[in-house]
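First the structure, in the form of structure tokens, and then the observations on it.
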Amino acid sequence: MRTVIDIVRYIVGGLFVFSGLVKVVDPVGTAIKLEEYFAVFAGDIASFFSIFEPYALVIGIVLNVLEVTLGIALMIRWRVRYTMNLLSIMIVFFTFLTFYTAYFNKVTDCGCFGDAITLTPWQSFTKDVILLVLIGFLYFNIDKIKESTFGPKNVIVVCVTAISLLLCIYSVKHLPIIDFRAYKIGTNIPDAMKAKENPKFQYTFEKDGEEIKSYEYMSEEEGYKLVGHEITNPEASTPKITDFASWDESGDKTQYLLNGQKLLIIAYDIANANTGGLIEVNDLLSRLGPGIEPIILTSSSAEDVLRIKALRGLKANFYYADATVLKTIIRSNPGLVLVKDGTILDKWHFNDVPNPIDVRENL
């Protein structure tokens, strides 16, 4: 029995560490997902959930660091009862979130593993139910889990917590150390908007009370009744990027952005964009020189954009794009993305605005 308990303990601890680590490197992504949850809960359950939206980043950082720390603590058997209590609270909370979003189809991706692994709502809920059962098993056998006598275990827990917190802070102040998103450096956006394969269908027919599955369409004239169908190669037949689009009052500008050399100034909410960052960006544009066209991409209103342009002296055309897409492209407001013929060459946080030489060296 002790062997089974140890295996379960390492599985649960390892999953929490992995889940936390892939989000520690991108806490802004966690915050964005939490904002979605709070907005949904404020509309469906109680309006007070909206109070938490401004604190989504802080809450996300705390949750991410806790996942890593508690996962390690469980594996090294540090303060077992205390660790198990916190893990139980977290998994009950996560199970409620994933059930709610799956049942009511409110948030299509729970963000359980950040952008590293995308799960459907029901897959996320199933994962949490399994974890809930495993943690329940450990809790039932908690007296059989002896605390470790390893001396430096307190130091390990403190170091893990500190390193996780520092990684979160670094990723907020700069950009994620590891980019799991579809718009990472090196991605050619036009290619990523194309599927690798055409969809392949498996059909379900009914004939004479018998259910028949076939990859070929069978004629109704021969007595086959179509019951349903499913795509058997969803990953290969779905483009990595399905939502990239840009426009202005004159029409679609997507293709224009994907041709030539562009420096995209991404500010999904330009009215609340970092002031110092906008000043640094404006200084860069004044020294950038010819050959690279700066373009502001935003989801803000024209009124806000024109006001900020006049206030900061930004000399660049602006086009619109979806706010979620812009937040996915870069975790910075404002942020810079260098694109050549649709290929993302580099990205910069507003705290790391480059000089013109560094920009041109990437071309």
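Each residue of the sequence shown is one higher than the one before, counting from 3 in the working numbering. Positions of the beta carbon are idealized from the N, C-alpha and C atoms, including for glycine. Computed from a predicted model, the values in this text were never measured in an experiment.
**OP:** Would you decide whether Asn364 is buried or exposed? Buried here means 16 or more other CB atoms lie within 10 Å of its CB.
**Re:** Around the CB of Asn364, fewer than 16 other CB atoms lie within 10 Å, so the residue is classed as exposed.
Original post:
Exposed or buried, Lys329, counting other C-beta atoms within 10 Å across all chains shown (16 or more means buried)?
Top reply: Flag for Lys329 reads buried.
Subject >> Segment limits, beta strand (DSSP E) that includes Ser216 >> reply: Residue range Glu212 to Ser216 is occupied by the beta strand (DSSP E) that includes Ser216.
Subject >> Extent of the continuous beta strand (DSSP E) run through Thr345 >> reply: Here the beta strand (DSSP E) through Thr345 covers Thr345 to His351.
**OP:** Tell whether a beta-carbon distance below 8 Å holds between Leu59 and Val30.
**Re:** Between Leu59 and Val30, the CB-CB gap stays under 8 Å.
Original post:
Should Leu121 be counted as a contact of the ligand ZN given a C-beta to heavy atom distance under 7 Å?
Top reply: This structure simply doesn't include the ligand ZN, nor any ligand for that matter.
Original post:
Straight-line CA distance for Val6 to Phe182?
Top reply: Taking the straight line joining both Cα atoms gives about 34 Å.
Subject >> Cross-strand partners of Thr206 (DSSP beta bridge) >> reply: According to DSSP, Thr206 bridges with Lys215 and Gly230.
Original post:
Can you tell me whether DSSP reads Gly62 as helix, strand or coil?
Top reply: Three-state DSSP puts Gly62 in a helix.
Subject >> C-beta contact flag for Leu347 and Leu316 at 8 Å >> reply: Not a contact, by the Cβ cut-off of 8 Å.
Original post:
Given 8 Å as the limit, is there contact between the region 119 to 138 and the region 57 to 71, that is, 3 or more CB pairs closer than that?
Top reply: In short, these stretches do not touch, since the Cβ pair count stays below three.
**OP:** Compare the Cα-Cα distances from Leu177 to each of Lys349, Pro358, Pro356 and Arg362 and report the closest residue.
**Re:** With distances taken between Cα atoms, Leu177 lies closest to Lys349.
Original post:
Exposed or buried, which one is Thr103 when buried takes at least 16 other CB atoms within 10 Å?
Top reply: Counting the other Cβ atoms within 10 Å of the Cβ of Thr103 gives 16 or more, which makes it buried.
**OP:** Would you mind reading off the limits of the beta strand (DSSP E) that contains Asn319?
**Re:** From DSSP, the beta strand (DSSP E) with Asn319 extends over Asn319 to Tyr322.
**OP:** Only counting runs of 4 or more residues, tell me where the alpha helix (DSSP H) segments fall wholly within the region 99 to 186, in order along the chain.
**Re:** Secondary structure in the region 99 to 186: the alpha helix (DSSP H) runs of 4 residues or longer, each lying completely within the stretch, are 123 to 142 and 155 to 175 in chain order.
Original post:
What three-state label does DSSP hand Glu237 in the structure shown?
Top reply: Looking at Glu237 - three-state DSSP - the assignment turns out to be helix.
Subject >> Beta-carbon gap between Ile137 and Ser90 smaller than 8 Å >> reply: Yes, the Cβ-Cβ distance between Ile137 and Ser90 is below 8 Å.
Subject >> Where Asn335 falls, given that 16 or more other Cβ within 10 Å makes a residue buried >> reply: That one is buried.
Subject >> Strand pairing of Trp249, partner residues [DSSP] >> reply: Answer by DSSP bridge pairing, in chain order: Asp254 and Tyr322.
**OP:** Measure the CB-CB distance between Ser166 and Val24 and report whether it falls below 8 Å.
**Re:** Between Ser166 and Val24, the CB-CB gap reaches or exceeds 8 Å.
**OP:** Return the Cβ separation of Gly293 and Gln263 in integer angstroms, given the expectation that the two are a contact with Cβ distance under 8 Å.
**Re:** With a Cβ gap of about 6 Å, Gly293 and Gln263 count as contacting.
**OP:** Within the same chain, show all residues whose beta-carbon is closer than 6 Å to that of Ile171, passing over the 5 residues directly before and after it, in chain order.
**Re:** Sequence-distant Cβ neighbours of Ile171 in its own chain, meaning closer than 6 Å and more than five residues away, do not exist here.
Subject >> Asn284 vs Arg314 beta-carbon contact at 8 Å >> reply: The answer is yes: Cβ separation under 8 Å.
Subject >> Separation of His231 from Gln204, as counted between CA atoms >> reply: Between Gln204 and His231, the C-alpha separation is close to 6 Å.
Subject >> Candidates Asp8, Leu133 and Thr206: closest to Ile144 by CA position >> reply: For Ile144, the closest of Asp8, Leu133 and Thr206 by C-alpha to C-alpha distance is Asp8.
Original post:
Quick one, which of Ser248, Lys186, Ala273 and Tyr226 has its alpha-carbon nearest Tyr322's?
Top reply: Residue Ser248 is the option with its Cα nearest to Tyr322.
Original post:
What's the C-alpha gap between Leu72 and Gly153?
Top reply: Between Leu72 and Gly153, the C-alpha separation is close to 18 Å.
**OP:** Whole angstroms is fine: what's the gap from Asn276's alpha carbon to Ile187's?
**Re:** Between the C-alpha atoms of Asn276 and Ile187 there is a straight-line separation of about 23 Å.
Original post:
Given Glu218, which residues of its chain have a CB within under 8 Å of its CB, disregarding the five upstream and five downstream residues?
Top reply: Setting aside the 5 residues that flank it on each side, Glu218 is surrounded in the same chain by Tyr205, each with a C-beta closer than 8 Å to its C-beta; the list follows chain order.
Original post:
When we look at the beta-carbon of Ser173 and count the other beta-carbons within 10 Å, is it buried (16 or more) or exposed?
Top reply: Under this definition Ser173 is a buried residue.
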